[in-house]
Amino acid sequence: MSWSTNRLVLALAAVALSSWACNGDDDDPLPAIETLFPANNAVGAFVEDTAIGAAGVETATDDAGVVALINGGAGPFLQRDYDAFAIEHYTDSTFDLELRVWQLASSAVATDLYTGLLTESSTHQASTWTDASLGDAGRIADTGATFWFNVRKGPYLLEQTIAYDSGAVVDDPCKTAGQTFINAVLAKIP
Numbered sequence: 192m193s194w195s196t197n198r199l200v201l202a203l204a205a206v207a208l209s210s211w212a213c214n215g216d217d218d219d220p221l222p223a224i225e226t227l228f229p230a231n232n233a234v235g236a237f238v239e240d241t242a243i244g245a246a247g248v249e250t251a252t253d254d255a256g257v258v259a260l261i262n263g264g265a266g267p268f269l270q271r272d273y274d275a276f277a278i279e280h281y282t283d284s285t286f287d288l289e290l291r292v293w294q295l296a297s298s299a300v301a302t303d304l305y306t307g308l309l310t311e312s313s314t315h316q317a318s319t320w321t322d323a324s325l326g327d328a329g330r331i332a333d334t335g336a337t338f339w340f341n342v343r344k345g346p347y348l349l350e351q352t353i354a355y356d357s358g359a360v361v362d363d364p365c366k367t368a369g370q371t372f373i374n375a376v377l378a379k380i381p
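Quick note on numbering: the sequence shown equals residues 192 to 381 in our numbering.
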């Protein structure tokens, strides 16, 4: 081959590779974990509860940071390959809500964690879960004082609790508010 033919072949190969890389779903950048958390009043009347935790979304990218943000139960999460963890507390005139988001290394790791929680976490084991149509896989537990959402989508695992009046037999408005909130977060995940 001549020099100009080699150059043409290399140029065509570069164009083909760049087109392939731009169109691959796995190459799409993930949103910054902080951007997944709704702003004040973006979902109903929920606003950041500044009485709990530091102002703004609290994040961690290492085990020490995660342990500092979580009050126990991090074991199964820390045993997996994760990129980041974030937590935020919200309130409205009726409900208090906590949202935790884990960005795992891949969808496979998120799937492994979601499945493993039911046998590796005593807190998850002690709850009665109902499957829910949320994300790639979802479940909800009524703990008697909160609705607890456990949802997987792509490389993310979301844990959300929303508190209700423990004297209520069934608090559908609370569960509905929780589903609305977590669906708003899931809509931000590609």
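C-beta: ideal position from N, C-alpha, C; glycine also.
Check whether chain B comes within 8 Å of residue 220, counting only Cβ atoms and requiring the distance to be less than that. Absent from the structure: chain B. Only one protein chain is present.
Looking at the structure shown, is residue 374 part of a helix, part of a strand, or coil, going by DSSP? Correct three-state label for residue 374: helix.
Can you tell me the Cα-Cα spacing of residue 345 and residue 247, whole angstroms? Rounded to the nearest angstrom, the gap between the Cα atoms of residue 345 and residue 247 is 25 Å.
In whole angstroms, what is the alpha-carbon distance linking residue 414 and residue 251? Absent from the model: residue 414. The displayed extent of the chain is 192 to 381, so no value can be given.
Contact set for residue 326: own chain, Cβ-Cβ below 7 Å, skip 5 residues either direction: 342, 343, 344, 377
Taking 8 Å as the threshold (C-beta atoms), are residue 337 and residue 314 in contact? no
Only counting the same chain, and skipping five residues up and downstream in sequence, which positions put a Cβ closer than 7 Å to that of residue 373? Taken in chain order, the residues that qualify are 325, 340, 342, 349, 351.
Simplified DSSP state of residue 340, which is helix, strand or coil: Note: residue 340 maps to strand in three-state DSSP.
Please return the same chain residues whose Cβ sits closer than 8 Å to the Cβ of residue 295, not counting the five positions on each side in sequence. 271, 272, 273, 274, 301, 304, 346, 347, 348
Please report how far the alpha carbon of residue 262 lies from the alpha carbon of residue 256, in whole angstroms. 12 Å
Close Cβ partners of residue 291 (< 8 Å) along its chain, the five nearest in sequence each way excluded: 261, 276, 277, 278, 349, 350, 351
Pick helix, strand or coil for residue 252, following the three-state DSSP scheme. coil
Helix, strand or coil, according to DSSP, for residue 286 in the structure here? coil
What do you get for residue 259, buried or exposed, if any count of 16 or more other CB atoms within 10 angstroms of its CB means buried? exposed
Closer than 7 Å by C-beta to residue 211: which residues in its own chain qualify, once you throw out the five before and the five after it? Chain order, please. Bear in mind that a pLDDT of 34 at residue 211, under 50, signals an unreliable position, so the model cannot answer this.
Where residue 240 and residue 308 are concerned, what is the direct C-alpha to C-alpha distance, given to the nearest angstrom? 28 Å
For the beta strand (DSSP E) that residue 352 lies in, which residues bound it at each end? 347-354
Using the rule of at least 16 other Cβ atoms within 10 Å of the residue's Cβ for burial, across every protein chain shown, is residue 229 buried or exposed? buried
One or two residues paired with residue 294 in a DSSP bridge: 275, 347
Under the DSSP definition of a beta bridge, which residues are partnered with residue 281? 239, 288
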